[in-house]
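**Q** Sending over a structure as structure tokens; questions will come in a sec.
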Amino acid sequence: MLRLIAHRLVVSVALVFVVSLAAFLLQSAAPGDLARAILGRNFSVQAHEQLRHQLGLDRPVLVQYGQWLRDALHGDLGTSPISGLSVADEIAGRLPVTLSLIGCATLVTAVVGVALGVVGAVHGGRIGRVVDVLSLIGYALPSFWFALTMVTLFAVTVQLLPATGYVALGASPAGWARSLVLPVATLALPGIAVFAKQTRDAMLEALSRDYVTALRAHGVPETSVVLRHALRNAAIPVVTLVGLTFIGLLSGTVFVESVFAMPGLGGLAVQATTQHDIRMIQGVVVVFTVIVVVVNLAVDLAYGGLNPKARVR
Amino acid sequence: MTAGIGEFVAHGVRPGRRWLAAFRRPLAWAPLGYLALLVTGSVLAPVLAPYRPAATDLDHVLAGPGPAHPLGTDALGRDVLTRLMYGGQISLLHAAIVVGTVIGVGVTSGVVAGYLGGWFDRAFTWVVDVLLAIPVLMTLLVVLAVVGEHQTVVMIALGVLVSPGLARVVRGAALAVRKELYVAAARVCGLPHRRIVAAHVLPRIAGPVIVQVSLLAGGALLIDAGLSYLGFGAQPPDPTWGDMIAQAASVIDRQPWLLVPPGVVLGLAILAFGLLGDVVRDATAGHAEAPGAAVTPTLTPRDEPTTALLSLRDIEITLSGGRVVVADLGLDIGHGETVALVGESGCGKSITGRALLDLLPAGGAVTAGSFRFDGADLAPAGARALRGSRIALISQDPVGALDPVFTVGCQLGELVRLRHGGSRAELRSRTLDLLRDVNLTDAVARRYPHELSGGMAQRVAIAMALAGEPSLLVADEPTTALDAAVQAEVLGLLGRLRAERGMAILLITHDWSVVSSFCERAYVMYAGHIVESGPAEELLAHPRHPYTDGLLGAMPSRARPGTRLTAIPGSVPDPAHWPPGCHFAPRCTLATAECAAAPVPVFEPATGHRTRCLHHAKLLPGGERASA
């Protein structure tokens, strides 16, 4: 277990390193550089050179990277040359929106999916087919299209929920919840079926094991056999899925935040991409990668907690 | 004729070509047909489309479906069907670029890593680990920010970013193929690597690759549409599916219909790729047997009084699919008595033990007979109420019988709480008492099942069985998985517990030495029938059934020096092939035509000694064939 976590940490550090370096290299390989992007169409060669020097673009790319890395380790992700704002501040301001979205969506996905999976494993038949259909729908529906349909139904036609926007939790908890319903539903739908399928398979596997027969033979009530023993064993493969879902939803927010006009990191990334603001998007990517790393570590720890065989004694 | 050929083809298919079988299923044709329609519609759009993609008709903006415009018009009055067809050109081309890149990068690196192994494989695994954790879409946005106008480059980058998943699958498959004997043989013969890869490895991994590529193609369509939706795709007025959805979104309150055509076309395309992958996967994975219909029991209550603790009469057990595996079974166990149920594997001993606790596998049931416990008639489900409290079970695989994620103390504690309740301290002291009863220390309570030896685990299982203070313990081959010294310990423990608690034991075993040392009476079972029963000593000394005689003859400890051990020829027949008469007749040296003709009744040659054999007299000392 310790070795696994150590391996994960090494891979994670390498990952953050690779991602940020790749972003830098791409930037230098780009046909038009940052200075050109800022200056627009008409500029003098002199002005261009001057701005390049000002931005440090005339130095070797690895030196630039070293400087960026040093600053990044101190929490400074640089300044956006487009908006003039601090990248770190901008990200910090938007992080709660994205984390609210992904956190809630992961929770909804896991709870609903696991419940469906358990019911499917115990009762079989019809629930299983519902899950199969759901998983096809979840797989095939483009999330932004589903989001727009939800908006049409619940915000335009019925006017039950706000179509767009985000209310901070601190400002109004009820408003926060209402603003999250549609985007969270959109994000959660594809994952629910995945969870349900995985849970159903893991539950059926667990229920076929000898210890389940033994527990029944000892007179343990069926609720305890299913919910305490089988589910606890089935949770071991399912917990890995929580991490994968969370990470997958990071990508999902790019679309969903832009449909619902939520001021989160996904929207920031889209905006920065449109403006060719490489500093900003580089910062977002690094933050996303760090989130991925943290989630993976948490999943590893949870895995160890659930599976005694993975623990070191 | 046709079916015959089909069957021949199905059997003649090499394992690696099984994915081809997918395309014989009708289910595969629907997605293929839809995708073919899309490709045709897009490629031939300049010929087939009713309008030009940029032709506006400001008199008919936001029209619903109608004769002039089958799918309506958009905010500029452009024909939706036409734009869908032209939009498909870009979407499908992009998906093709992604798929091509993924195949090029993923399959090549995966095959090389899996097939060659060594340092390349280690480096490969490491790189894949890193790449798999990269947030794909985010990284793609970086690429877009830099080279946004070069759509092809963006799609190639997407292909590279998603190829690690495929590479890993391919590596696994190639690794498996490499270990196959014929590939090893080809290597030894000095065949060049590329020939081996082309001839043996590639065909075998085609199935998983098609599955993955199919799913990836759907994913590529989705991401491509998403990027166009965000405005990073082909620039207007060139139509793309994603951009059509974005434009529909801007007029969502005036004409929601516009969302439908691009969403449905795109969704169905992704669905088609997904289904295609599923069909190929199912074809390569083979099929699980569908469970048969459940059977319905017809039980007969009994008036005849009995003093036995457990009394079974005329029991018939049927498993799913209507297979009768135990028939006409009668069995009695007195209070505190130790009874053996002996026979070879596949005779129905364990099934009988499970039936006592209503623990038959799904679809199985006791379909006839009567079941009495402690004087009361029970319906088959009635045994459920006795579980743990009156009848307990310990089984052959002691470690597997314990839940791997809870400590011994926790599992035992749950049973104690279930039976007795009480405070935390009482539960704990009762739990530890139970462990001490089976000669285990208190420290074992904190251990997990995988930290126990087989003997310890079996003692824990016995402690769990004792938690409900049962009157009957069904011990299903409790010592088979243990080594000889531990066997003796566990049997000694069971013997002591029986004496202390007055608990009856039904010992299911195939080991006559256990029967002779441990049991008062024994039932011998063969192919679903009890063929002989009686006091253990007498069975061992004077078997009255040729099957018992044969089993005893095969026991090394009873053999006399200088004589051959006798083995029974043949094997236990499958329930589907039971003979109409005596089930043992085909393997019996005493069998006559009479034996095979009709079911054999039960005889009682001595008090309490029963046998289901017409020729039982021939086994007496001085008979035609005296036993040793």
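Line by line, the protein sequences are chains E and H.
The first sequence begins at 377 in our numbering and counts up one residue at a time.
The second sequence begins at 2 in our numbering and counts up one residue at a time.
Even for Gly, the Cβ is constructed at its ideal location relative to N, Cα and C.
Let me check one thing: in DSSP terms, what residues is residue 536 of chain H bridge-paired to?
**A** In the second sequence, counting from the first residue as 1, residue 536 of chain H sits at position 535. In DSSP, residue 536 of chain H forms a bridge with H/522.
**Q** Give the residues of chain H in contact with residue 684 of chain E, contact being defined as C-beta atoms less than 9 Å apart.
**A** Numbered from its first residue, the first sequence carries residue 684 of chain E at position 308. Those are 405, 406, 407, 408, 449, 450, 451 and 452, listed as they occur along chain H.
**Q** Which same chain residues end up closer than 8 Å to residue 519 of chain H when comparing Cβ atoms and leaving out the 5 residues on each side of it in sequence?
**A** Numbered from its first residue, the second sequence carries residue 519 of chain H at position 518. Once the five neighbours on either side are set aside, the close Cβ partners of residue 519 of chain H are 339, 341, 492, 495, 496 and 508.
**Q** In this structure, does DSSP put residue 470 of chain H in helix, strand or coil?
**A** By 1-based counting over the second sequence, the position of residue 470 of chain H is 469. For residue 470 of chain H, the three-state secondary structure derived from DSSP is coil.
**Q** Counting pairs of Cβ atoms below 8 Å between the stretch 610-624 of chain E and the stretch 509-518 of chain E, do you hit three or more?
**A** No, because fewer than three Cβ pairs between the stretch 610-624 of chain E and the stretch 509-518 of chain E fall closer than 8 Å, the two stretches do not touch.
**Q** With a CB to CB cut of under 7 Å and the five nearest residues on each side skipped, what residues in its chain are close to residue 488 of chain H?
**A** On the second sequence, residue 488 of chain H is found 487 positions in, with the first residue counted as 1. The beta carbon of residue 488 of chain H is closer than 7 Å to those of 480 in its chain, skipping five residues each way along the sequence.
**Q** Got a sec, what are the start and stop residues for the alpha helix (DSSP H) residue 215 of chain H sits in?
**A** Within the second sequence, the letter at position 214 stands for residue 215 of chain H. According to the DSSP assignment, residue 215 of chain H belongs to the alpha helix (DSSP H) that extends over 203-230.
**Q** In chain order, what residues of the same chain lie with their CB nearer than 6 Å to the CB of residue 291 of chain H, ignoring the 5 residues before and after it?
**A** The sequence position of residue 291 of chain H within the second sequence is 290, counting from 1. Unreliable positioning characterises residue 291 of chain H in this predicted model, as indicated by a pLDDT of 42, which lies under 50. The coordinate reading is nonetheless provided below. Within the same chain, and ignoring the five residues on either side of residue 291 of chain H in sequence, no residue has its Cβ closer than 6 Å to its Cβ.
**Q** Output, in chain order, the set of chain A residues within a Cβ distance shorter than 7 Å of residue 104 of chain H.
**A** Checking the listed chains, one finds no chain A in this structure; the protein chains it contains are E and H.
**Q** Interface residues of chain H around residue 648 of chain E at Cβ under 9 Å?
**A** In the first sequence, the residue the question calls residue 648 of chain E occupies position 272. Within 9 Å Cβ-Cβ: 142 and 146.
**Q** With DSSP as the reference, label residue 1 of chain H as helix, strand or coil.
**A** Any answer about residue 1 of chain H is impossible in this case: the structure gives chain H only from 2 up to 629.
**Q** Taking a cut of 7 Å between CB atoms, which residues from the stretch 379-403 of chain H lie near chain E?
**A** 388, 389, 390, 393, 394, 396, 398, 401, 402 and 403
**Q** Is the shortest distance between the beta-carbon of residue 555 of chain E and the beta-carbons of chain H less than 9 Å?
**A** By 1-based counting over the first sequence, the position of residue 555 of chain E is 179. Answer no: the Cβ-Cβ gap between residue 555 of chain E and chain H never drops below 9 Å.
**Q** Whose CA, out of H/604, H/399, H/586 and H/179, lies closest to the CA of residue 112 of chain H?
**A** If you number the second sequence from 1, residue 112 of chain H lands on position 111. Ranking the options by Cα distance to residue 112 of chain H, first place goes to H/179.
**Q** Rounded to a whole number of angstroms, what is the C-alpha to C-alpha distance between residue 598 of chain E and residue 611 of chain E?
**A** Sequence index remark: in the first sequence, residue 598 of chain E carries index 222 (1-based). Sequence index remark: in the first sequence, residue 611 of chain E carries index 235 (1-based). Residue 598 of chain E and residue 611 of chain E: Cα-Cα distance of roughly 18 Å.
**Q** Below 8 Å on the Cβ atoms is my guess for residue 583 of chain E versus residue 404 of chain H; work out the distance and round it to an integer in Å.
**A** On the first sequence, position 207 is the one that residue 583 of chain E refers to. On the second sequence, position 403 is the one that residue 404 of chain H refers to. Their Cβ separation, rounded to whole angstroms, is 12 Å, which puts residue 583 of chain E and residue 404 of chain H out of contact at 8 Å.
**Q** Could you check the C-alpha separation between residue 627 of chain H and residue 619 of chain H for me, to the nearest Å?
**A** Counting from one through the second sequence, the residue named residue 627 of chain H turns up at place 626. Counting from one through the second sequence, the residue named residue 619 of chain H turns up at place 618. Residue placement at residue 627 of chain H is flagged as unreliable, the pLDDT there being 44, under the threshold of 50; a coordinate-derived value is accordingly withheld.
**Q** List the endpoints of the continuous beta strand (DSSP E) containing residue 369 of chain H.
**A** On the second sequence, residue 369 of chain H is found 368 positions in, with the first residue counted as 1. Run containing residue 369 of chain H: 366-374, per the beta strand (DSSP E) assignment.
**Q** Given residue 410 of chain H, which residues of its chain have a CB within under 7 Å of its CB, disregarding the five upstream and five downstream residues?
**A** Taking the first residue of the second sequence as position 1, residue 410 of chain H is located at position 409. Excluding residues within five positions, the ones whose Cβ falls inside 7 Å are 432, 446 and 447.
**Q** For residue 259 of chain H versus residue 73 of chain H, is the C-beta distance shorter than 9 Å?
**A** Counting from 1 along the second sequence, the entry for residue 259 of chain H is found at position 258. Counting from 1 along the second sequence, the entry for residue 73 of chain H is found at position 72. Contact flag set, yes.
**Q** Taking Cβ positions only, does residue 197 of chain H come closer than 9 Å to chain E?
**A** For this step, residue 197 of chain H is matched to residue 196 along the second sequence. In terms of beta-carbon proximity, residue 197 of chain H stays away from the interface with chain E, with every pair separated by 9 Å or more.
**Q** Comparing the C-beta of residue 543 of chain E with each C-beta of chain H, is any distance below 9 Å?
**A** Position 167 of the first sequence, counting from 1, holds the residue named residue 543 of chain E. For residue 543 of chain E, the answer is no, since every Cβ of chain H falls outside 9 Å of its Cβ.
**Q** Determine the extent of the beta strand (DSSP E) in which residue 610 of chain H is found, giving its start and end residues.
**A** Looking up residue 610 of chain H in the second sequence gives position 609. Looking at the DSSP string, the run of the beta strand (DSSP E) that includes residue 610 of chain H is 610-612.
**Q** Check whether the Cβ of residue 253 of chain H lies closer than 9 Å to any Cβ atom in chain E.
**A** Taking the second sequence and counting its residues from 1, the one referred to as residue 253 of chain H is at position 252. Interface residue, yes.
**Q** Using 9 Å as the limit for Cβ to Cβ distance, is residue 388 of chain E near chain H?
**A** Counting from one through the first sequence, the residue named residue 388 of chain E turns up at place 12. So, interface residue.
**Q** I believe residue 629 of chain E touches residue 474 of chain E by the beta-carbon criterion, under 8 Å. Please report the beta-carbon distance rounded to the nearest angstrom.
**A** In the first sequence, the residue the question calls residue 629 of chain E occupies position 253. In the first sequence, the residue the question calls residue 474 of chain E occupies position 98. Contact holds; Cβ gap of about 5 Å.
**Q** Between residue 196 of chain H and residue 202 of chain H, what straight-line distance do the alpha-carbon atoms span, to the nearest angstrom?
**A** Walking along the second sequence from the start, residue 196 of chain H turns up at place 195. Walking along the second sequence from the start, residue 202 of chain H turns up at place 201. Roughly 9 Å separates the two Cα atoms.
**Q** Can you tell me whether residue 632 of chain E is buried or exposed? The criterion is at least 16 other CB atoms within 10 Å of its CB, across all chains shown.
**A** Taking the first residue of the first sequence as position 1, residue 632 of chain E is located at position 256. Residue 632 of chain E comes out buried.
**Q** Going by DSSP, name the residue or residues bridged to residue 646 of chain H.
**A** Residue 646 of chain H is absent from the structure shown; chain H starts at 2 and stops at 629.
**Q** Mind checking who residue 575 of chain H pairs with in its DSSP beta bridge?
**A** Mapped onto the second sequence, residue 575 of chain H falls at position 574. DSSP output for residue 575 of chain H lists no bridge partner at all.
**Q** Taking Cβ to Cβ, would you say residue 592 of chain H is nearer than 9 Å to residue 586 of chain H?
**A** Here residue 592 of chain H refers to the residue found at position 591 when the second sequence is read from its first residue. Here residue 586 of chain H refers to the residue found at position 585 when the second sequence is read from its first residue. Cβ distance < 9 Å, so residue 592 of chain H and residue 586 of chain H count as in contact.
**Q** Go through the stretch 391-462 of chain H residue by residue and report every complete run of the beta strand (DSSP E) that reaches 3 residues or more, in order.
**A** 392-395
**Q** Looking at the C-beta of residue 355 of chain H, does it have a partner C-beta in chain E at a distance below 9 Å?
**A** Reading the second sequence from its first residue, position 354 is the one you call residue 355 of chain H. By this cut-off, residue 355 of chain H is an interface position.
**Q** In angstroms, rounded to a whole number, what distance separates the CA positions of residue 101 of chain H and residue 45 of chain H?
**A** Locating residue 101 of chain H in the second sequence gives position 100, where the first residue counts as 1. Locating residue 45 of chain H in the second sequence gives position 44, where the first residue counts as 1. For residue 101 of chain H and residue 45 of chain H, the distance between alpha carbons rounds to 22 Å.
**Q** With a threshold of 7 Å on Cβ separation, who are the neighbours of residue 313 of chain H within its own chain once the five nearest residues in sequence on each side are excluded?
**A** Within the second sequence, the letter at position 312 stands for residue 313 of chain H. Correct list, in chain order: 330, 331, 332, 370 and 372.
**Q** Give, in chain order, every residue of the stretch 107-136 of chain H whose Cβ lies closer than 7 Å to some Cβ of chain E.
**A** 130, 131, 134, 135 and 136
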